[in-house]
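Visitor:
Protein chains: 2
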Amino acid sequence: MTTLPPAEVGMTLDEVDTPALLIDLDAFEGNLKALADTLAGTSVKLRPHGKAHKCPIIGHKQMALGAVGLCCQKVSEAEAMIFGGLPDIYITNEIIGARKLARLAPLAHQARIATCVDNPISIAPLSEAAQAAGVEIRVLVDVDVGQHRCGVEPGDAAVPLAQAIDKAKGLSFGGLQAYHGTSQHFRTHKERGAAIKGACEAVEKTIGALKKAGLDCAEVSGGGTGTYPFEVASGLYTELQAGSYIFMDSDYGLNKAEDGSPFGDFRQSLFVLATVISHPATDRMITDAGTKALSVDAGMPTPRELSGINYKMAGDEHGRLELDGTNTELKVGEKIQVVPSHCDTTVALYEWFVGLRGGRVESVWPIPGHAATQ
Amino acid sequence: MTTLPPAEVGMTLDEVDTPALLIDLDAFEGNLKALADTLAGTSVKLRPHGKAHKCPIIGHKQMALGAVGLCCQKVSEAEAMIFGGLPDIYITNEIIGARKLARLAPLAHQARIATCVDNPISIAPLSEAAQAAGVEIRVLVDVDVGQHRCGVEPGDAAVPLAQAIDKAKGLSFGGLQAYHGTSQHFRTHKERGAAIKGACEAVEKTIGALKKAGLDCAEVSGGGTGTYPFEVASGLYTELQAGSYIFMDSDYGLNKAEDGSPFGDFRQSLFVLATVISHPATDRMITDAGTKALSVDAGMPTPRELSGINYKMAGDEHGRLELDGTNTELKVGEKIQVVPSHCDTTVALYEWFVGLRGGRVESVWPIPGHAATQ
Numbered sequence: 001m002t003t004l005p006p007a008e009v010g011m012t013l014d015e016v017d018t019p020a021l022l023i024d025l026d027a028f029e030g031n032l033k034a035l036a037d038t039l040a041g042t043s044v045k046l047r048p049h050g051k052a053h054k055c056p057i058i059g060h061k062q063m064a065l066g067a068v069g070l071c072c073q074k075v076s077e078a079e080a081m082i083f084g085g086l087p088d089i090y091i092t093n094e095i096i097g098a099r100k101l102a103r104l105a106p107l108a109h110q111a112r113i114a115t116c117v118d119n120p121i122s123i124a125p126l127s128e129a130a131q132a133a134g135v136e137i138r139v140l141v142d143v144d145v146g147q148h149r150c151g152v153e154p155g156d157a158a159v160p161l162a163q164a165i166d167k168a169k170g171l172s173f174g175g176l177q178a179y180h181g182t183s184q185h186f187r188t189h190k191e192r193g194a195a196i197k198g199a200c201e202a203v204e205k206t207i208g209a210l211k212k213a214g215l216d217c218a219e220v221s222g223g224g225t226g227t228y229p230f231e232v233a234s235g236l237y238t239e240l241q242a243g244s245y246i247f248m249d250s251d252y253g254l255n256k257a258e259d260g261s262p263f264g265d266f267r268q269s270l271f272v273l274a275t276v277i278s279h280p281a282t283d284r285m286i287t288d289a290g291t292k293a294l295s296v297d298a299g300m301p302t303p304r305e306l307s308g309i310n311y312k313m314a315g316d317e318h319g320r321l322e323l324d325g326t327n328t329e330l331k332v333g334e335k336i337q338v339v340p341s342h343c344d345t346t347v348a349l350y351e352w353f354v355g356l357r358g359g360r361v362e363s364v365w366p367i368p369g370h371a372a373t374q
Numbered sequence: 001m002t003t004l005p006p007a008e009v010g011m012t013l014d015e016v017d018t019p020a021l022l023i024d025l026d027a028f029e030g031n032l033k034a035l036a037d038t039l040a041g042t043s044v045k046l047r048p049h050g051k052a053h054k055c056p057i058i059g060h061k062q063m064a065l066g067a068v069g070l071c072c073q074k075v076s077e078a079e080a081m082i083f084g085g086l087p088d089i090y091i092t093n094e095i096i097g098a099r100k101l102a103r104l105a106p107l108a109h110q111a112r113i114a115t116c117v118d119n120p121i122s123i124a125p126l127s128e129a130a131q132a133a134g135v136e137i138r139v140l141v142d143v144d145v146g147q148h149r150c151g152v153e154p155g156d157a158a159v160p161l162a163q164a165i166d167k168a169k170g171l172s173f174g175g176l177q178a179y180h181g182t183s184q185h186f187r188t189h190k191e192r193g194a195a196i197k198g199a200c201e202a203v204e205k206t207i208g209a210l211k212k213a214g215l216d217c218a219e220v221s222g223g224g225t226g227t228y229p230f231e232v233a234s235g236l237y238t239e240l241q242a243g244s245y246i247f248m249d250s251d252y253g254l255n256k257a258e259d260g261s262p263f264g265d266f267r268q269s270l271f272v273l274a275t276v277i278s279h280p281a282t283d284r285m286i287t288d289a290g291t292k293a294l295s296v297d298a299g300m301p302t303p304r305e306l307s308g309i310n311y312k313m314a315g316d317e318h319g320r321l322e323l324d325g326t327n328t329e330l331k332v333g334e335k336i337q338v339v340p341s342h343c344d345t346t347v348a349l350y351e352w353f354v355g356l357r358g359g360r361v362e363s364v365w366p367i368p369g370h371a372a373t374q
């Protein structure tokens, strides 16, 4: 970490420097437990996605509650997790490029490693890297189950890929990557259900094609915070990759349950603490948290427990509180909490989590994977 | 830095891991020199904004070409610069909060320090912090010259603030902060000229009010990459705060000069290198650079020297190349360069700059201020 932490253990919330990334530890631990409890007694294992937190101690907390390992999205993210002692990492992404493969393969000396492919030309370099390092890497076939990002077409297209992995030295065929990312944010239960029904049909078709070729799928890995009840009920998925459930965000807050009520078993546990630094006009206050402290790829953040205030951006280092006149309590120097619109991309902006319980800082955790772009 | 660098000195571009933040060193050095040359012989000093690069060695290069010091936007950013040996830092922002002030004031033992205020209640805590550290801090009055973010109204409102600074122990009145941020991105020469004409009227009115009260403005600090010719010609501004001129971005690329031609004296020197990791359909390729590697607060990035391709986001770790069918050369595993839509917020996502000259990596510079949110 190259910046000093914004807080020390024992501080009150008011003493914490800003902008700071706060975890409400009670809500966070409740979220960890809620998903672990939901999966207990099912055939679906939890492999939570580390891209949401990029923080080894959180990974260890997930493992302690029964996770079989973690997902990562990048080799450098996997390094951060493995250097923090995590024993089993699945990189849910195509790993392309000599330097990346030369970093990936030796990690298998320190942890169980898996990755995925969607193109036959990726298999030889992966096999060579594994052999050069003297390791074995599990490789899943990435199937496009409806997101239309990476992935082969469901069905027969997966067969030659799985066969090539199966034959390649240093690699073993691990099953299917079957994640439908966009469906996580479909607003209605019906839309999410329909998307995962389609994903399951794609998975079933692909498993059938592989079976015909004599290949078993050890794992079908996918699912996320928005759709996991469908994957768990499917009888097809063996691993759940949910990540955001530990924190939640205002975008997930827009999802609805079947009866139209707010969606989900999880509470908002992640907040950004900001300070009001200027009050130059009656309808406007300025904070110290702009686009370098709150991501905007999923829209604007939402003030927590403050009425009559909209949060807008006023630059890279400034937020703008638009006041409708009903909130007259707030003053320059006061701190406010804001719900990020997107937890993953906001976490990536910070080097430290500040854990709070009962109004006091209980923990200050480094986020070694925060800038793990490679 | 907590991630390994994506490159080593001497590598070819093709060997660099991705996503990586590239500097075309010839273009970058040309930009450094172009602005230094423009200001040479004028009465305006260059105090470039460090928020654009967050990297001490770049600050030293700016000093070597005549800059009088650097601007920063945050105390933690100032720490990164001062720990890297920069001798003179002006934080162009309201510094509010006990922990922030306790970090700010002792920096004045190591460098010349200034900051700004727009509210009388901020002056006593700043004075107390300066006295506790046994230092003197220059304080400018932040005037709203048209951006309507922070800042007091132009004219008489600045007088009691300047007087209070002048009287406060440990502080000295340093002049006016007069930055019009939004005008940097007004597209036409006429709009930018009109905005800075308004800013100059606001500055003149404020200088007049202060003079009447017996107070001199040592500095009038402001201006940016989009408007600097107007501030330089004004006869009012003494310091120019341009930051983006060293890198440029596709948003600045939309500004027009007086004759409607592309604006400015500066060349694009900052690029993100990404790898094509998937080609699942004829109209779509996927890269490894998503919203955690390319900021989107100013829109989508632009492929460099690639026709028939639009760059869209396909998630936090994936970019989507939309192909119109005319570009059939690109293959999985190939690397492409992308022009960020906004240089400042993209730089903040990375820990390393990779400097290129003649197709080879010449330098790999750490960015210690990349996560300097506080």
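Residue numbers (this note's numbering), protein chains in the order written: chain E, 1 to 374; chain V, 1 to 374. No residue lacks a Cβ here, since even glycine has one placed at the ideal position from N, Cα and C.
Can you pull out the residues from the region 188-222 of chain E whose beta carbon lies closer than 8 Å to at least one beta carbon of chain V?
Guide: Flagged: no residues at all.
Visitor: Could you tell me the distance, in whole angstroms, from the CA atom of E:L341 to the CA atom of V:P56?
Guide: Reading off the sequence shown, one finds Ser at residue 341 of chain E, where the question assumed Leu. Between E:S341 and V:P56, the C-alpha separation is close to 32 Å.
Visitor: Going straight from the alpha carbon of V:G308 to that of V:L270, what length do you get?
Guide: One C-alpha to the other measures close to 22 Å.
Visitor: Taking three-plus beta-carbon pairs below 8 Å as touching, is the region 313-322 of chain E in contact with the region 340-356 of chain E?
Guide: Because the criterion of three Cβ pairs below 8 Å is not met, the region 313-322 of chain E and the region 340-356 of chain E do not touch.
Visitor: In chain E, which residues lie less than 7 Å from V:P6 when you measure between Cβ atoms?
Guide: Correct list: Q374.
Visitor: I'd like to know whether the C-beta atoms of E:N389 and E:R304 end up nearer to each other than 9 Å.
Guide: As displayed, chain E neither begins before 1 nor continues past 374, which places residue 389 of chain E out of reach and without an answer.
Visitor: Does the beta-carbon distance from V:L86 to V:A111 come in below 9 Å?
Guide: Yes, the Cβ-Cβ distance between V:L86 and V:A111 is below 9 Å.
Visitor: Is the beta carbon of V:I91 sitting closer than 9 Å to the one on V:Q73?
Guide: Contact: yes.
Visitor: Do the region 160-171 of chain V and the region 116-134 of chain V meet, that is, are 3 or more Cβ pairs less than 8 Å apart?
Guide: Yes, the region 160-171 of chain V is in contact with the region 116-134 of chain V.
Visitor: Going by beta carbon distance, what residues of the same chain come within less than 7 Å of E:A293, once the five residues before and after it are set aside?
Guide: Taken in chain order, the residues that qualify are P19, V272 and L349.
Visitor: How many angstroms separate the CA atom of E:W352 from the CA atom of V:E77?
Guide: Cα-Cα distance, rounded: 16 Å.
Visitor: If you follow the alpha helix (DSSP H) that E:I207 is in, where does it begin and where does it stop?
Guide: From DSSP, the alpha helix (DSSP H) with E:I207 extends over H189 to K212.
Visitor: Measuring CA to CA, which of E:Y252, E:I336, E:A281 and E:H49 is closest to V:R149?
Guide: Minimum Cα distance to V:R149 is reached at E:A281.
Visitor: Along the chain, where does the alpha helix (DSSP H) that runs through E:V347 open and close?
Guide: Residues C343 to V347.
Visitor: Would E:R149 count as contacting chain V if we go by Cβ distances under 9 Å?
Guide: Yes - at least one Cβ of chain V is within 9 Å of the one on E:R149.
Visitor: Do V:G253 and V:G224 have their beta-carbon atoms positioned less than 9 Å apart in this structure?
Guide: For V:G224 and V:G253, no; Cβs fall outside 9 Å.
Visitor: To the nearest angstrom, how far is it from the Cα of E:G264 to the Cα of E:G226?
Guide: If I take the Cα positions, the gap works out to 8 Å.
Visitor: Please compile the residues from chain V whose C-beta is within a distance smaller than 8 Å of the C-beta of E:H370.
Guide: Those within 8 Å of E:H370 in chain V are T2 and A371.
Visitor: Compare the C-beta of V:M300 against all C-beta atoms of chain E and say whether one is closer than 9 Å.
Guide: No - not a single Cβ of chain E is within 9 Å of the one on V:M300.
Visitor: On the three-state DSSP scale, how would you describe E:I95?
Guide: Three-state result, E:I95: coil.
Visitor: Please report the straight-line C-alpha distance between V:T287 and V:V143, rounded to a whole angstrom.
Guide: If you take the alpha carbons of V:T287 and V:V143, they lie about 44 Å apart.
Visitor: Does V:A266 come out as helix, strand or coil in the three-state DSSP assignment?
Guide: Before going on, a small fix: residue 266 of chain V reads as Phe here, not Ala. Coil.
Visitor: Quick one: what's got a C-beta closer than 7 Å to E:D26's C-beta in the same chain, skipping five residues either side?
Guide: R357, listed in sequence order.
Visitor: Which residues of chain E have a Cβ atom closer than 9 Å to the Cβ of V:G319, listed in chain order?
Guide: Result: empty, since nearest Cβ-Cβ is about 10 Å, beyond 9 Å.
Visitor: Name the chain E residues whose beta carbon is nearer than 8 Å to that of V:V296?
Guide: By Cβ distance, chain E contributes V296 and D297.
Visitor: Quick test of your reading: E:G175 and E:V135, contact by CB under 8 Å. State the CB separation rounded to the nearest angstrom.
Guide: Not confirmed; about 19 Å, so no contact.
Visitor: Return no unless some Cβ of chain E is closer than 9 Å to the Cβ of V:A80.
Guide: It does; some Cβ of chain E falls within 9 Å.
Visitor: Per DSSP, what kind of secondary structure is E:Q184 in: helix, strand or coil?
Guide: Here E:Q184 sits in helix by DSSP.
Visitor: E:G84 to V:T291, Cα distance in whole Å?
Guide: Rounded to the nearest angstrom, the two C-alpha atoms are 25 Å apart.
Visitor: Can you give me, in chain order, the residues of the region 304-338 of chain E that have a beta carbon less than 9 Å from any beta carbon in chain V?
Guide: So the list reads M313, A314, G315, D316, E317, H318, R320, K331, V332, G333 and K335, given in the order they occur along the chain.
Visitor: Along chain V, which residues have their Cβ under 7 Å away from the Cβ of E:P19?
Guide: Per Cβ cutoff of 7 Å: T373 and Q374.
Visitor: By the 10 Å Cβ neighbour count, where 16 or more other Cβ atoms means buried, how is V:S244 classified, buried or exposed?
Guide: Result: buried.
Visitor: Measure the Cβ-Cβ separation of E:V364 and E:F247 and say whether it is below 9 Å.
Guide: The answer is no: Cβ separation not under 9 Å.
Visitor: Closer than 7 Å, Cβ to Cβ, to anything on chain B: give me those residues from the region 235-257 of chain E, in chain order.
Guide: Although the question refers to chain B, the structure presented lacks it and instead comprises the protein chains E and V.
Visitor: If distances are taken between C-alpha atoms only, which option among V:V145, V:I82, V:E329 and V:Q268 comes closest to V:T302?
Guide: Closest by alpha carbon: V:Q268.
Visitor: If you reduce the DSSP assignment to three classes, tell me which class E:L273 lands in.
Guide: Three-state result, E:L273: strand.
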